[in-house]
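Participant: Once you've had a glance at the structure underneath, I'll fire off some questions.
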Ligand SMILES: Cc1ncc(C[n+]2csc(CCOP(=O)(O)OP(=O)(O)O)c2C)c(N)n1
Ligand SMILES: Cc1ncc(C[n+]2csc(CCOP(=O)(O)OP(=O)(O)O)c2C)c(N)n1
Ligand SMILES: [Mg+2]
Ligand SMILES: [Mg+2]
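Protein chains in written order, with the numbering used here: chain Z, 13 to 394; chain A, 13 to 394; chain E, 291 to 639; chain F, 291 to 639.
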């Protein structure tokens, strides 16, 4: 059982926490220990709904990719509790700098899924005008920062955004996201250095799902130490948490958010989880890990674990669960179908060619105007 | 008093050492504690001679720069014990990847100083053919890796070199060097990651002289934690040492070298010292730190401290010390004078123009031959 | 270095470009203990494009291994290994991810020999897939060749056939200077000519898919004339070699097509000879136009062939925008765009 | 953006280029709360070239501050701040140290607007001293402009006078896209023309050293004709503008000299007009020849002025080697080398 320190604790006084694992739900779905707080049944329902819809969405989009409706998709199966839990713990206006595996955030805030599907289909309604690879979303209104295809770059952006918030005396905070594998990049280090020097209001999340495509997290240093302990060299409070425990995710995120909001500085959080599915639709894990492994859900299924808790609480039932599952599956199927009306990747219903030249700069310089004109002229001829 | 663990200790069992400071010489120059070993009077003499000659050389070269004989120089005043002590603790054939402030290594091995001066003067005898900025040495025969003008890049090179040594079953080890300020660079992180994953035979030295040009080491994170504790997130044994204590430098370097040589993996060592002089001859510290500060020698003078010890031991005396000082000053003055015969920077006695085109590639490609020919042709005409 | 085609008469095998690249590393790992191969996912798994599949099993984890996701660490460690005396051949998963390593590539690998006056060298190869046309968007489609050719100390080469891929990669690994080995990913499985609406002919059905079994090298610095012609010269490399051929067939223009293969060092003589003969020139590449390698080619041609030129040289390239996802086939300089430029240049008076 | 010379009639001060750059930041820090200035040694100390001297004392540590030695961190943090809504103006101590930040510059700052379809933008300025001639060797002398102009989404500008430096830096900070602001360090204290054997005239004795006191901008994208002439066109920027002037004086050639000032966007019209008039062109820059920005300039000139060209365009540039220390004046493209090229081009039939 891991203690829950006051939010203004000094990093030096909780160094050991970087090597322990915070957990709230025991194996019977009972909340245990100091990190258990009374969370309203409503919030649990919200969390459950968001996690279930995230999973249903993933399943539908993986199918859609197999059916050739999109070029690419990334699922987050088994990791839903992390993005959903933290998004629910933070406020509207706080800015998230996610990776491609935090789609749970959209469902935590009931974001219109058509927006996601149109981007994934690169169709005429794609909010990004076909510019970006599927799932490399950008939705500022949803506090969701534009995803880069290059790993780790957003980690220092989050720190910079939080520095700006502090400079402006704003009380909005930032949340940085990175995977276990990407912590090896230099940008992770810059973010840690700047966070330790300027102490901006940022939550530094590391999602250790134990895999980076085919590389086990040992290739990122997991066998030598915990990822949370990377914080010790920077005097940043560092916690390690069971990421498949929705209650723990919510409680720890709240704690870190309060530290940031009260200008007590950054918090590093390692979320221990497991990538149950393939890395992406381009990946075939059977080439590098035994099939059973993923299927075994090493850390349990976050949805099942919350379900057990809710049922124990009397606020949920197997039957309700089954109904919801079916309902969300339908919802996703219908939404996907509806979005197809606006086209799918490569079927010609993509955003117009001219769009390709917009937004490189605020105002299109002459050389780009010339290139656009010849591209348009050419496409009319051919 | 800090314990001395066996060389095969596990990193987890000495985590606290990253925040303590190993010291051997007390204020009366008496060896204290478990890290005190009996070092022969000869070795102490060697160390003293090397430190004194390093300082004498620096003083001469700073003068030379003021007299316009070179464009640039970097002194290491106050930090002599670190490079000298570690070089003496390692073997011929071990490879050092230094910064511009480890010139002490040359003196620890009685390297011909004319070689250094000719490089500093960029004259006709410059071993680098005028290619490099003064003090950015490269002397493979002296196990001294080519210095880059870009900070931190050599840190990962040392790790790569050590990985190669391990791959080849070679027993030579590598020593990486970096300053407190440069630890902020991404290359420091890559080196830590690769060292923790592959555990090659390398000593990872961090010289915390508390300044990076005008920036106090707090701008690199020193106020948040010790630099040694950067090792904790990587499961790398990390020690913090009084870098102005020659006996401590030697003992800890030996300990780390044995770990590496016995393939027990990397060791991170933070050397606590103080940059007494200016950053370089291009720098004027009075603009950013009170004059008294440097003059106060906050951590004592490594030469004075060793001297006190040697005198207490009966192997040295004030008189001998004064003689040696005078002797080395003369030596340096005469050597500098002798090297002037081969020219000084910008006096036309630099290596020939053609040299500029050599060694870009092993064999000069046609386009460079054309450029060289026109450059030569042109210089004859003008 | 062995002469090209030394034992090219040895038994031939049909190979994709992926297999040819793998075979080159296999042969060099076998011949030279100093060769090591590493990169992200290249060890146990064998690389996301399978180029190193089976090599770890064959040569062991100390010769072929997975690396952390740190391109600067991969290149930086390789520089240290090369300084020690090894010949690392490392993979950057996509050229788009070489940027974090750009300092180590351009400041360290490229200048090690120079700044140490030859005391330390960097005999290393950096492999990276380049080019678009796989729905990869702006971070799986880039062609950064011009960012290497501007830097003193780097060799930059790009094959267009399995035969060249194997021979050039062996030459690169044996080379004593750092070599950027760019792999046109769209050519991995066949000679893609830009007609994305049609299936690509597999290498097994293509002449250049026949690869000699043993060791041979294709020397770095020599272009190859893939088609002789009189009306104009097309300078191309990588995927664009096949696009140029398609454009030639479709326009019926009697074009001379040069596959440059090596951008630095460049086979200037072959270029000059051809342009002096035809008097007209079109340059094709996938990278963005401005400051692309085509600019250097135009400069060299006009410096050396000025009095032979009968028409302005045209560039057909990617546009000066990031590589878009949805519009990638409008961005890609396909046969129609290349053909149109060829017609303009031939028609110019 | 205010028009150039808006209040140019306001009281003038003599300034070095360093003072002009400092004044631009001072004015923008004063006018816009969202402007922040940071970099290595720029806070308390005021920068190794003193460009930010006194600004921290005046605007406080939260607006002007020291940064850790992490160029990628400096640029990456600036991108995050810009996404928030600030206008960071950061300093890279020497352009030679921008490489660790190259991924953040080219992949993040440059593409933020594009990939988010305008939801997030990067209105930020990255200042960096460029060029050699200060005995700086290979890591204090580089001119990486072509590494920026090849990348979609970046503006790249370089002033040659204190007047332009101030007006262009204000324009850059006010610009809503990322601007690479290159500072020719050899011009910090005077109009250096390559005659290193002579003392340089201080800006105080030079017309262009007179700088208006208040806010004004020099629009990005406009070249400046520094000398009108009929015999040939010289395209130059930064230090080379003065080298070209010296070469013109020494050869007596009636050259038209364009100071490009903005490389991207480029003032193509000014270039075309001049070359069509003179029919001859010489391009001068300090960066390495191959794939340097001169290559793009040659390409554009031959594409647009082919039928007006009477002689091959020549490039006078740094050689394709790292910038050497001892031989730096042989490497530097000085007046004699530039003059010789001008004579060849004028003589060419
Ligand atoms: C700079 C960079 N290098 C490599 C890649 C290729 N790549 C994409 S995802 C991935 C694995 C990332 O693993 P991790 O950080 O653990 O995140 P996860 O996929 O497990 O969520 C790699 C290597 C990339 N996108 N960017
Ligand atoms: C990549 C890079 N950035 C910046 C510089 C400029 N620079 C040279 S030395 C220095 C300070 C280094 O301080 P530290 O690492 O503490 O070493 P010290 O000088 O104290 O020995 C800086 C910023 C550089 N050489 N390389
Ligand atoms: Mg992972
Ligand atoms: Mg220091």
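No residue lacks a Cβ here, since even glycine has one placed at the ideal position from N, Cα and C.
Which whole-angstrom value describes the C-beta separation of residue 283 (chain Z) and residue 218 (chain Z), a residue pair presumed to lie in contact below a C-beta threshold of 8 angstroms?
Facilitator: The Cβ separation is near 7 angstroms, so the contact holds.
Participant: Around the C-beta of residue 256 (chain A), are 16 or more other C-beta atoms found within 10 angstroms, so that it is buried, or is it exposed?
Facilitator: Burial call: buried.
Participant: Compare the C-beta of residue 19 (chain Z) against all C-beta atoms of chain A and say whether one is closer than 7 angstroms.
Facilitator: It does not: the Cβ of residue 19 (chain Z) has no partner Cβ on chain A nearer than 7 angstroms.
Participant: Compute every distance between the C-beta of residue 193 (chain Z) and the non-hydrogen atoms of ligand 3, then say whether any falls below 6 angstroms.
Facilitator: The answer is yes for residue 193 (chain Z).
Participant: Could you have a look at residue 669 (chain F) and say whether DSSP puts it in helix, strand or coil?
Facilitator: There is no way to answer for residue 669 (chain F), as the model of chain F reaches only from 291 to 639.
Participant: Along chain B, which residues have their Cβ under 8 angstroms away from the Cβ of residue 244 (chain A)?
Facilitator: Included in the structure are the protein chains Z, A, E and F, with no chain B among them.
Participant: Considering Cα atoms alone, identify which of Z:203, Z:48, Z:232, Z:94 is closest to residue 285 (chain Z).
Facilitator: The shortest C-alpha separation from residue 285 (chain Z) is found at Z:94.
Participant: State the beta-bridge partners of residue 418 (chain F) as determined by DSSP.
Facilitator: In the DSSP output, where bridge partners are listed per residue, residue 418 (chain F) has F:472.
Participant: State the beta-bridge partners of residue 186 (chain Z) as determined by DSSP.
Facilitator: Answer is Z:107, Z:214, bridged to residue 186 (chain Z).
Participant: Give the residues of chain A in contact with residue 478 (chain F), contact being defined as C-beta atoms less than 8 angstroms apart.
Facilitator: Correct list: empty, because the minimum Cβ distance to chain A is about 14 angstroms.
Participant: Looking at ligand 1, does it come within less than 6 angstroms of residue 113 (chain Z), judged from the CB to the closest heavy atom?
Facilitator: True, at least one ligand heavy atom lies under 6 angstroms from that Cβ.
Participant: Would you please state the rounded distance, in angstroms, between the beta carbons of residue 432 (chain F) and residue 613 (chain F)? I believe it to be under 8 angstroms.
Facilitator: Indeed they touch by this definition, with Cβ atoms about 6 angstroms apart.
Participant: Does residue 321 (chain A) come out as helix, strand or coil in the three-state DSSP assignment?
Facilitator: Note: residue 321 (chain A) maps to helix in three-state DSSP.
Participant: Apply the 10 Å Cβ neighbour rule to residue 301 (chain E) and answer buried if 16 or more other Cβ atoms are within range, or exposed otherwise.
Facilitator: It counts as exposed.
Participant: Per DSSP, what kind of secondary structure is residue 302 (chain E) in: helix, strand or coil?
Facilitator: Residue 302 (chain E): strand per DSSP, three-state reduction.
Participant: Under a CB-based cut-off of 7 angstroms, is residue 25 (chain Z) close to chain A?
Facilitator: Judged by the 7 angstroms Cβ criterion, residue 25 (chain Z) is not in contact with chain A.
Participant: By Cβ distance, which residues of its chain are closer than 8 angstroms to residue 296 (chain F), with the 5 residues on each side in sequence left out?
Facilitator: Note that residue 296 (chain F) scores 46 on pLDDT, short of 50, meaning its location in the model is unreliable and no value can be drawn from it.
Participant: Do you know how far the Cα of residue 342 (chain F) is from the Cα of residue 565 (chain F)?
Facilitator: Their Cα atoms are separated by approximately 40 angstroms.
Participant: Do you know how far the Cα of residue 70 (chain A) is from the Cα of residue 238 (chain A)?
Facilitator: Cα to Cα, the separation comes out at about 29 angstroms.
Participant: Quick one: list the residues of chain E neighbouring residue 379 (chain Z), beta-carbon separation under 9 angstroms, in chain order.
Facilitator: Those are 579, 580, 610, listed as they occur along chain E.
Participant: The alpha helix (DSSP H) with residue 71 (chain A) in it runs from where to where?
Facilitator: Note, residue 71 (chain A): alpha helix (DSSP H), 53 to 78.
Participant: What are the start and end residues of the alpha helix (DSSP H) that includes residue 259 (chain A)?
Facilitator: Residues 258 to 273.
Participant: Counting beta carbon pairs with one atom in the segment 441 to 453 of chain F and one in the segment 390 to 402 of chain F, are three or more of them shorter than 8 angstroms?
Facilitator: They touch, by the three-pair rule.
Participant: So is the beta-carbon of residue 325 (chain Z) under 6 angstroms away from any non-hydrogen atom of ligand 2?
Facilitator: False, no ligand heavy atom lies under 6 angstroms from that Cβ.
Participant: In angstroms with no decimal places, state the Cα-to-Cα distance between residue 514 (chain E) and residue 451 (chain E).
Facilitator: Going by the C-alpha atoms only, they are around 11 angstroms apart.
Participant: Is residue 94 (chain A) near ligand 2, judged by its Cβ being under 6 angstroms from some heavy atom?
Facilitator: No; taking the cut-off as 6 angstroms, the Cβ of residue 94 (chain A) has no heavy atom of ligand 2 nearer than that.
Participant: Looking at residue 605 (chain E): is its Cβ nearer than 7 angstroms to the Cβ of residue 573 (chain E)?
Facilitator: Yes.
Participant: Excluding the five sequence neighbours on either side, which residues of its own chain have a C-beta within less than 7 angstroms of the C-beta of residue 537 (chain E), listed in chain order?
Facilitator: Answer for residue 537 (chain E): 625, 628, 629, 632, listed in chain order.
Participant: Which of the residues in the segment 356 to 370 of chain F, read from start to end, lie with their CB under 9 angstroms from any CB of chain A?
Facilitator: Taking 9 angstroms as the Cβ-Cβ cut-off against chain A, the residues of the segment 356 to 370 of chain F that qualify are 356, 357, 358, 359, 360, 361, 362, 363.
Participant: Give the interface partners of residue 409 (chain F) over in chain Z, defined as CB-CB distance under 8 angstroms, in chain order.
Facilitator: In chain order: 150, 151, 152, 158.
Participant: Along the chain, where does the beta strand (DSSP E) that runs through residue 355 (chain E) open and close?
Facilitator: Per DSSP, residue 355 (chain E) belongs to the beta strand (DSSP E) from 354 to 356.
Participant: Leaving out five residues before and five after residue 250 (chain Z) in sequence, what residues of the same chain have Cβ atoms less than 6 angstroms from its Cβ?
Facilitator: Only 30, 240, 243, 280 meet the Cβ criterion.
Participant: Select from E:548, E:540, E:474, E:528 the residue whose C-alpha is nearest the C-alpha of residue 518 (chain E).
Facilitator: The residue with the shortest Cα to Cα distance from residue 518 (chain E) is E:548.
Participant: When you check each C-beta in the segment 367 to 391 of chain E against every C-beta of chain A, which residues fall closer than 9 angstroms?
Facilitator: Within the segment 367 to 391 of chain E, the qualifying residues are 367, 368, 369, 370, 371, 372, 373, 374, 375, 376, 378, 390.
Participant: Determine the DSSP secondary structure at residue 379 (chain F), reduced to helix, strand or coil.
Facilitator: Note: residue 379 (chain F) maps to strand in three-state DSSP.
Participant: Which two residues bound the contiguous beta strand (DSSP E) that contains residue 549 (chain F)?
Facilitator: Its beta strand (DSSP E) spans residues 545 to 549.
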